[in-house]
Amino acid sequence: MRVILIPLILLLAACASPAPGYFDATRHDITLQGIDFTVFHDGNSAEVIRHGYLTRRERGVVPELMVQAAEKTTGCRVIPNSLRSRIPGDTGEARVALDCY
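Read left to right, the sequence shown gives residues -19 to -1, 1 to 82 (mature numbering (1 follows the signal peptide of the UniProt record, and there is no 0)).
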């Protein structure tokens, strides 16, 4: 049974699922500096999910890359200082407010 569960868990961990508020959002996938992101765009906000494992040292650039991912995929400008994560300091998921003039 364990042999089946481990691959299943790994497979599910690789999937990007939006938060409930973004179920109807448009999905975009992008790679920046070798890091894969999925962006869920809905109106004037977006949820950005980072994929893959990064060491603590490698995570420093992720917040700025999340902003770039949101801007490049949505065509909107991220409102400065709007990047928020549900877990402070988490670089795996964040939400941003967008100015889609």
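Here a beta-carbon is modelled for each residue, glycine too, at the ideal position from N, C-alpha and C.
Note that the coordinates shown come from a computational prediction; the quantities given were computed from them, not determined experimentally.
CB-CB under 7 Å to Ala50, same chain, minus the five flanking residues each way: which ones, in chain order?
Ile11, Leu13, Phe18, Val20 and Val29
To the nearest angstrom, report how far apart Asp23 and Ser66 are at their CA atoms.
17 Å
With which residues is Val77 paired in a DSSP beta bridge?
Its beta-bridge partners are Ala27.
Would you mind listing the beta strand (DSSP E) stretches within the stretch 15 to 72 that are 3+ residues and don't spill past its ends, in chain order?
16 to 23 and 26 to 31
When you compare each of Ser26, Ala(-1) and Asp5 to Val63 by their alpha carbons, which one comes out closest?
Before going further, note that residue 63 is Ser rather than Val in the sequence given. Per the Cα distances, Ser26.
Going along the chain, which residues of its own chain have a beta-carbon closer than 8 Å to the beta-carbon of Ala(-7), five neighbours each way excluded?
For Ala(-7), the predicted model reports a pLDDT of 48, less than 50, meaning its position is unreliable; a value from the coordinates is still stated below. The beta carbon of Ala(-7) sits closer than 8 Å to none of the beta carbons in its chain outside the five residues before and after it.
Which residue marks the beginning of the beta strand (DSSP E) containing Asp10, and which one marks its end?
Thr7 to Leu13
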